[in-house]
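Engineer: With the numbering used here applied, the sequence shown corresponds to residues 33 to 275, in that order.
Ideal Cβ placement from N, Cα and C applies to all residues, glycine included.
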Amino acid sequence: MPFLQKYTIIPRYLTARTKRRPGIVVAPSVRFIVAHDTGNANSTASGNVKYYKNTENNESSSAHIFVDDKEIVECIPALTASPEKAWHVRYDITKDNELYGFNANDAAIGVEYCFGSAINADEAYKRYLWVIAYTCFKCNLNPQTAIVGHFVLDPNRRSDPVTGLGASGRTYEKLLKDIVTEYANCIQGISPTPPVIPPLPPSPVSPPTPSPTPQPVPAPSPSKISILTHIRDLLARLASFLK
Ligand SMILES: [Zn+2]
């Protein structure tokens, strides 16, 4: 089943086996997603990745994906190649283990939201929702439970993505709801053609009579159209009965 590809994800990987990108594949699988913001107003997706690249051997903090109003840039493989580990939540906090049974660094994709007066928040937010919803789809995660804000995991040190979202009057709670909606929309949006319901054959409908022998029920057909026709027929019978 495909997922509506609204945006392009630009792979711009850091060098493997550097401090920021250890090059270790997530195993056995991605278990959750951590929602971050950059904490640095007006820094862009490209700008953040460029900074990471320039300092990839100096520091070990990292994240997989940066999102602004124009771009979604993946600097550590997550969606455009086999997911690798990134260092985006401190190992010594335990909330991630309590909630998901894993350290975020070992099993979660980190997605960074860019914000600030120079960034169109509506456009950045749309891309942020979509790429998180797509991560759920790609990694087979439940969008209702798989996303957690960094501030939830590390409340004493972090306020992201609440701060970044708050810059445009949005809340974390809204983000979680909107991701679920986006996921549903992107799954439905790929329905190839609406089902065609053939007209019902004219059939006189008699009111049901109490009878010891139950009416034979047609066996369910594997065809979607037949099922729809059947449901419609039943509704017509019910409507006529209620008249
Ligand atoms: Zn963070």
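#1: Which residues in the same chain as proline 254 place their Cβ atom closer than 8 Å to its Cβ, once the five residues preceding and following it in sequence are excluded?
#2: Between proline 250 and glutamine 220, what straight-line distance do the alpha-carbon atoms span, to the nearest angstrom?
#3: Who are the Cβ neighbours of asparagine 172 in its own chain at under 8 Å, not counting the five residues just before and after it?
#4: Quick test of your reading: glutamate 144 and aspartate 69, contact by CB under 8 Å. State the CB separation rounded to the nearest angstrom.
#5: Whole alpha helix (DSSP H) runs in the stretch 158 to 230 with 4 or more residues, listed along the chain?
#6: Put alanine 67 into one of helix, strand or coil per three-state DSSP.
#7: Going by DSSP, name the residue or residues bridged to tyrosine 145.
#8: Below 7 Å, is the gap between the Cβ of aspartate 124 and the nearest heavy atom of ligand 1?
#9: With DSSP as the reference, label valine 62 as helix, strand or coil.
#10: For alanine 48, which of helix, strand or coil comes out of DSSP?
#11: Determine the closest residue to serine 57 out of Val184, Leu111, Asn217, Val180, with distance taken between C-alpha atoms.
#12: Closer than 7 Å by C-beta to valine 194: which residues in its own chain qualify, once you throw out the five before and the five after it? Chain order, please.
#13: Quick test of your reading: tyrosine 123 and cysteine 107, contact by CB under 8 Å. State the CB separation rounded to the nearest angstrom.
#14: Give me the pocket residues for ligand 1, defined as CB within less than 5 Å of any heavy atom, sorted by chain position.
Structural biologist: To lay it out plainly:
#1: Its pLDDT being 48, under 50, proline 254 is placed unreliably by the model, and the measurement read from it follows with that caveat. Apart from sequence neighbours up to five positions away, no residue of its chain approaches proline 254 with a beta-carbon distance below 8 Å.
#2: Because proline 250 sits at a pLDDT of 49, beneath the cut-off of 50, its placement in the model cannot be relied upon, and the point is left open.
#3: The beta carbon of asparagine 172 lies closer than 8 Å to those of Ser61 in the same chain, with the five residues before and after it left out.
#4: Glutamate 144 to aspartate 69, Cβ: 6 Å. Contact.
#5: If we require 4 residues or more, the alpha helix (DSSP H) runs fully inside the stretch 158 to 230 come out as 182 to 185, 194 to 198, 204 to 220.
#6: Strand at alanine 67.
#7: Partner(s): Asp69, Val99.
#8: Flag unset: Cβ of aspartate 124 not near ligand 1.
#9: Looking at valine 62 - three-state DSSP - the assignment turns out to be coil, as it is neither helix nor strand.
#10: It is coil, neither helix nor strand.
#11: Residue 57 is actually valine in this sequence, not serine. Ranking Val184, Leu111, Asn217, Val180 by CA distance to the CA of valine 57 puts Leu111 first.
#12: If we look at valine 194 and ignore the five residues flanking it on each side, its Cβ neighbours are Gly181, Phe183, Tyr204.
#13: 21 Å between Cβ atoms; not a contact.
#14: Close to ligand 1, as judged by a C-beta nearer than 5 Å to any of its heavy atoms, are the residues His68, His182, Asp192, in chain order.
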